[in-house]
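Residue numbers (my numbering): 168 to 421. Backbone N, C-alpha and C define an ideal beta-carbon position, used for all residues, glycine too. All of these numbers come straight from a predicted model, not from anything done at the bench.
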Amino acid sequence: MARILVVEDEKDLQDVLSYNLRQAGHEATLVETGQEALARVGTETPDLILLDLMLPDMSGIDVCRALKSGPATRHIPVVMLTAKGEEIDRVVGFELGADDYVVKPYSMRELTLRLQAILRRRSTPAEGNGVVTFGRLRIDREGHRVWVDGGEIGLTALELRLLCTLHDRRGRVQSRAVLLDEVWRMSSDVNTRTVDTHVKRLREKLGDAGGYLETVRGVGYRFTGGPPDDDDGSDDGVPGPPRDGSAKKPPKTP
Ligand code: CA
């Protein structure tokens, strides 16, 4: 169960959304304007916000900007509801840190699955500074070491930070501006090609695991897990084994 704030002014969509979210076991709160949304998050923090782009009083972009610049609200995942042909606004949405978007008319099934994916990622306990294994990749943050298929590769501190940032937000597009801010701690008026150069180098170093770093044309990068044939209940796109190490290993043949 998640508390979802729905910011949508179209009555029909409100009804469909609230019905389906409740069916999916969530608690839906409906507001119609950007001002209401901002006022609401000031008093109670939702687990996720569904944000329409075209609101009667202000643009969803401005609402997203306000949310993502507030220390108390920036961590709340935002899914933008956009109409077809709002290509540029989508990009702007990501520049502002929106976590995903769906294009109207969307299927409720698609929307619900996207929401589940974001919520599940969010509820995964923080992996902290421990060792993380993802498919062919193994990252030891504390020890500053990275392995691909068991072979260690050498990364600079910055490359490691870039890799970890993308990995932590796997499945979500990260714009160059966001990466500059998070990894380089620089504002986006610095040449964003810096990001491209470093991602390229990181990919080369990762070799066979470089494919995890996907380029999203016109937007940025995404850590991707390949085909969605998961069997371990996680949404990382990589089949098992379970994180608790209880996986049954095939018997070793002498
Ligand atoms: Ca609208």
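What residue from Thr210, Arg339, Lys367 and Val174 has the CA that sits closest to Ser226's CA?
-> Val174
Along the chain, which unbroken stretches of the beta strand (DSSP E) at least 3 residues long are found entirely within the stretch 317-350?
-> 318-320
Give every residue whose Cβ lies closer than 5 Å to any heavy atom of ligand 1, listed in chain order.
-> Asp176, Asp219 and Met221
Does the stretch 210-221 touch the stretch 299-308, meaning 3 or more C-beta pairs lie closer than 8 Å?
-> no
Arg207 to Gln341, Cα distance in whole Å?
-> 27 Å
Look up Ile228 in the DSSP assignment and say whether it is helix, strand or coil.
-> helix
Round the Cβ separation of Thr323 and Leu346 to the nearest angstrom and send it over; I've been treating them as touching at under 8 Å.
-> Contact flag wrong, Cβ pair sits at about 15 Å.
With 16 as the cutoff for other CB atoms within 10 Å, does Met168 come out buried or exposed?
-> exposed
DSSP-derived helix/strand/coil call for Met247 = strand
Can you name the residues that DSSP bridges to Gly387?
-> Ser342 and Val383
If you drop the 5 nearest sequence neighbours on each side, which residues of the same chain put their C-beta closer than 7 Å to that of Thr240?
-> Val208 and Leu234
Helix, strand or coil: which one does DSSP assign to Thr361?
-> helix
Looking at the structure shown, is Ala191 part of a helix, part of a strand, or coil, going by DSSP?
-> coil
For Asp176, which residues does DSSP report across the bridge?
-> Beta-bridge pairing links Asp176 to no other residue.
Below 9 Å between beta carbons: does that hold for Val313 and Leu325?
-> no
Buried or exposed for Tyr186, please, with buried defined as at least 16 other CB atoms from any protein chain shown within 10 angstroms of its CB.
-> exposed
Can you grab the Cα-Cα spacing for the pair His334 / Gly392, in whole Å?
-> 10 Å
Extent of the continuous alpha helix (DSSP H) run through Thr210 | Gly201 to Thr210
Beta-carbon separation of Leu222 and Val245 under 9 Å?
-> no
Along the chain, where does the beta strand (DSSP E) that runs through Asp219 open and close?
-> Leu215 to Asp219
With which residues is Lys367 paired in a DSSP beta bridge?
-> Looking at the DSSP assignment, Lys367 forms no beta bridge with any residue, so it has no partner.
Bounding residues of the beta strand (DSSP E) (the contiguous stretch that carries Arg312) = Arg312 to Val315
With a 10 Å radius around its C-beta and 16 neighbouring C-beta atoms as the bar for buried, classify Thr249 as buried or exposed.
-> buried
Please report how far the alpha carbon of Tyr268 lies from the alpha carbon of Leu373, in whole angstroms.
-> 29 Å
So, helix, strand or coil for Asp307, using DSSP?
-> strand
Nonlocal neighbours in the same chain, by C-beta distance under 7 Å from Thr382, ignoring five residues either side = Tyr388
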